[in-house]
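Structure first, commentary second.
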Amino acid sequence: MFAYNSFYSTTDMYDTVYDYAYSLIGKHGIVGVRKQKRSVGIICRVNKKELKIDLVPCKATKGLRNQGYLCVNKETWWSQDSTYTKTNFHLLNKQRLTHTQKNLVVLLKEWKRINKVPLPSYLLENLVLDAYRYNQGMIPRSLTDKLIMVFNFIAKNLNTACIRSIENTNNILTEIPDGDKADIIYACKSVVNKFNYQPNSIIKNFTTNNA
């Protein structure tokens, strides 16, 4: 986290971090850099594998150790605009995923990447936590069944869910385009239906493009 007076604005902070990261392309295994809504995406190639790192620039709030400002990038192909959002990092750190939940998130992120499902990672993590809360006392044992539990939860609840960011309750994570919601729900239902018909089919969703 940068000191509160490090930059003139959050946009200046974001652009500085992006420009520096961009200057490192070709060094340290970095092969690409891109602007994202709240972070700078850094693509690295390590041992012939492509890895993605999300770097989130943050400027501290004056007088408050646990709170800071993130730049929210709204750049489009015809215009450029940005704003900022206040974040409480103390609260954010409280949102802990268990080891199993982290494994589920890793698998689900790979699934959405392979199948090009428009499900934001920050929303995905919250949906995993909500699926656990919803099914409290009925959590299946195997990792595969846990995956199906999460897919089922998303398919049945995404349209009506209102999930707020733990660090900024004004930020509603489920406010995504209706078209994206429809695509996410369809993709989740497809996995569940294929699994019910042929349980081994779930493996294919993480190795080939079946979307």
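Okay, so the sequence shown: first residue is 1 according to the UniProt record's numbering, each after it adds one. All C-beta atoms in this analysis are idealised placements derived from N, C-alpha and C, irrespective of residue type, glycine included.
According to the DSSP assignment, Arg113 belongs to the alpha helix (DSSP H) that extends over 99-114.
Cys58 carries a strand assignment under DSSP once its states are collapsed to helix, strand and coil. A direct Cα-to-Cα measurement between Asn196 and Ser190 gives close to 10 Å.
Bridge pairing for Lys52: Ile43 [DSSP].
Residue environment for Tyr186: exposed (fewer than 16 other C-beta atoms within 10 angstroms of its C-beta). The beta carbon of Val17 lies closer than 8 Å to those of Val40, Leu55, Pro57 in the same chain, with the five residues before and after it left out.
Contact check between the segment 11-31 and the segment 40-52: three or more CB pairs, one atom from each, fall below 8 Å, which counts as touching. If the five residues before and after Arg34 are omitted, its C-beta is found closer than 8 Å to the C-beta atoms of Val40, Gly41, Ile43, all from its own chain and listed in chain order. Counting other Cβ atoms within 10 Å of its Cβ, Leu124 reaches 16 or more and is therefore classed as buried.
For Val33, the beta-bridge partners assigned by DSSP are Ile42. Straight through space, the alpha carbons of Lys52 and Asn152 are spaced by roughly 28 Å.
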